[in-house]
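Numbering (this note's numbering), first residue to last: 500 to 833. We put the beta carbon where it would ideally sit given N, CA and C, even for glycine. Here the structure is a predicted model, which is why all the values come from computation and not from measurement. Below is one structure, written out as structure tokens, with a few remarks after it.
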Amino acid sequence: MSVLVTGGTGYIGSHTCVELLNSGEDIVIIDNLYNSKTEVLERIKKITGKDITFYNADVRDKAALTEIFNKHNIDSVIHFAGLKAVGESVEKPMLYYDNNLISTINLCEVMKEHGCKNLVFSSSATVYGNAEKMPLYEDMPLGAINPYGKTKWFIEEILRDEAKTGNWSVVLLRYFNPIGAHESGLIGEDPNGIPNNLMPYISQVAVGRLKELSVFGNDYPTKDGTGVRDYIHVVDLSKGHVKAVEYAREHTGCEAINLGTGTGTSVLELKDAFEKASGKKIPFKIVGRRAGDPPTVYANADKAKKLLNWQAEYDINKMCEDTWRWQSKNPKGY
Ligand code: NAD
Ligand code: UDP
């Protein structure tokens, strides 16, 4: 029995592959390497001492998927493959709808043809849209303010409808802000070009690739005026996926579950924690707000504890230490 991991050479996928292998699962990866490199595979092998079957293919390619399902005894799928840059999705909405929606529909069709019913999907806190109240609970109304967010929301709706036909077991994992890296320093986040997200930006300033951090606004109604988010260590997040696969195997239906810590950290707090962990000064300037950024986002994480018996273990300091180890050992990425 194997777990198929789509997007398994990406940031969250690669860390999840390590946790799956460490928990004794057999895995098969499909990734078209649009946003990742094969070097990752060697690193996963180095950490776990285990072999991985890898297919360089697109999840939209039904023939390729069918061949993989014919060759391997796949009982569960974790579907990470997707495009995730909010700004790019506004510029190229069709690219996002095509890649994210078609890959998911294809995957479900091939799973169905092969009697595979367990699906864990990478969703996001972005599906709560512009929620006014925090923390975010899974039963709050959904929405989205950009094409990327809409792909996650629409896919959730599609999977909820499909699950109503019976016989499926779908877990929609809504991630908050994954940061950090494996503590070996061998795998981590390696964004293309100038990072959009706060943590990779800070770590690239620390390593000298970027000059200074721009803090997007210090006039929000938060503790120090800067944006507050629920950062979660990518290894904690990955362990949540292992639990979600186990849950899917034992249940039917469709459940949405937040994966967050329930704690909010401001931009300046994260910067300070990173300075402490790295011993590097992070020069910064305050600039205007970034369009569309809410002041505060954090999860209620009770459902994950109840259903999956999972909760985050690592704090902000550990997230910064592990990011720094990865970034300083791999200043240019993979
Ligand atoms: P990533 O870009 O590092 O990984 C995604 C992987 O999918 C890449 O390796 C890419 O090459 C691959 N891929 C994309 N389209 C594909 C296709 N059609 N066929 C085959 N492979 C394809 O991103 P990540 O940060 O690891 O995110 C994984 C998933 O989690 C994504 O679906 C993303 O939207 C979701 N997510 C990420 C975050 C975050 O902050 N990183 C937050 C919420 C949700
Ligand atoms: N942020 C910032 N400078 C940056 C990138 C992000 O001040 O270069 C802020 C952003 O306004 C938000 C927080 O950091 O308050 C987290 O942003 P990120 O893009 O990492 O995550 P998201 O906005 O998707 O939650």
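In the DSSP assignment, P677 forms a beta bridge with I731.
Taking C-alpha positions only, T505 is separated from I577 by approximately 6 Å. Beta-bridge analysis with DSSP links V714 to I785. Put simply, of S535, E608, S588, R788 the residue whose alpha carbon is nearest the alpha carbon of A562 is E608.
At a cut-off of 7 Å, the beta-carbon of N569 does not count as near ligand 1: no heavy atom of the ligand is closer than that. The segment 714-723 makes contact with the segment 763-777, as at least three CB pairs between them are under 8 Å. Under the three-state reduction of DSSP output, C615 falls in the coil class, being neither helix nor strand. Note on geometry: alpha-carbon atoms of A772 and C819 lie some 7 Å from one another. Its chain contains P830 as the residues whose beta carbon lies nearer than 8 Å to that of G707, once the 5 sequence neighbours on both sides are disregarded; these appear in chain order. Taking the CA atoms as reference points, D814 sits about 8 Å from I731. Inclusion of N605 and R559 in the CB contact set at 8 Å is warranted, their separation being smaller than that value. H514: member of the alpha helix (DSSP H) spanning 510-521, first to last residue.
Three or more pairs of CB atoms, one per stretch, sit closer than 8 Å, so the segment 532-540 contacts the segment 506-516. Judged by DSSP in its simplified three-state form, N696 adopts coil rather than helix or strand.
Under DSSP, T552 takes part in a beta bridge, and its partners are V527. Annotation: H571 to V517 spans about 20 Å, alpha carbon to alpha carbon. A straight line joining the alpha-carbon of K651 with that of T725 spans about 27 Å. I546 and D525 have their alpha carbons spaced roughly 15 Å apart.
If you draw a 10 Å sphere on the C-beta of N816, you find fewer than 16 other C-beta atoms in it, and that means exposed.
Taking V539 as reference, the option from N521, L520, H740, H514 with the minimal CA-CA separation is H514.
Between the segment 580-591 and the segment 628-642, the count of Cβ pairs shorter than 8 Å is below three; the stretches do not touch. Here N629 is exposed. Its C-beta has fewer than 16 other C-beta atoms within 10 Å. Annotation for T822: the continuous alpha helix (DSSP H) segment containing it runs 815-828. A Cβ-Cβ distance of about 7 Å is found for the pair V527 and I573, placing them in contact under the 8 Å criterion. Per the coordinates, the alpha-carbon of R728 lies some 6 Å from the alpha-carbon of T795. For E754, the enclosing beta strand (DSSP E) stretches over residues 752-758. Excluding the 5 residues flanking it on each side, S737 has same chain C-beta neighbours closer than 6 Å at H514, T515, E518, in chain order. The Cβ atoms of I686 and I543 lie closer than 8 Å to each other. Bounds of any alpha helix (DSSP H) do not take in D723, whose DSSP letter is neither H nor E. Following the DSSP letters along the chain, one finds T547 inside the alpha helix (DSSP H) bounded by residues 538-547. Taking 7 Å as the cut-off, the C-beta of P646 does not count as close to any heavy atom of ligand 1. The beta carbons of V619 and H740 sit about 6 Å from each other, so the pair counts as a contact at 8 Å.
Checking the DSSP bridge columns, you'll see T795 partnered with V727.
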